[in-house]
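Just so you know, we're using the numbering used here here: the sequence shown kicks off at 107 and counts up by one. We treat Cβ as the ideally placed atom computed from N, Cα and C, and that holds for glycine. Here the structure is a predicted model, which is why all the values come from computation and not from measurement. Here is the structure we will look at, set down as structure tokens.
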Amino acid sequence: MTAIPVLRGLTALTWLEMKIFVREPMGFSFTVVVPVILFVGLGRMFGPQLGTT
Numbered sequence: 107m108t109a110i111p112v113l114r115g116l117t118a119l120t121w122l123e124m125k126i127f128v129r130e131p132m133g134f135s136f137t138v139v140v141p142v143i144l145f146v147g148l149g150r151m152f153g154p155q156l157g158t159t
């Protein structure tokens, strides 16, 4: 078994899994959007306080 067919299969499977993942809006939003919102929100709330100690 050579590496090229294995990589083609892995690429096809990865692409399929990404399409399935993006198709479900709740999974996509809780995995990508919510952490970004939390990161920005907490950074804006507590970021300025770190430099004033």
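Is Thr-108 helix, strand or coil when you go by DSSP?
Translated into the one-based positions of the sequence shown, residue 108 becomes position 2. In the structure shown, Thr-108 sits in coil (DSSP, three-state: anything other than H, G, I, E or B).
Terminal residues of the alpha helix (DSSP H) in which Phe-134 lies:
Residue mapping note: residue 134 aligns to position 28 of the sequence shown, counting from 1. Element bounds for Phe-134: 131-134.
Using beta-carbon positions only, say whether Val-140 and Phe-134 come within less than 8 Å of one another.
Your numbering for residue 140 matches position 34 in the sequence shown. Your numbering for residue 134 matches position 28 in the sequence shown. The answer is no: Cβ separation not under 8 Å.
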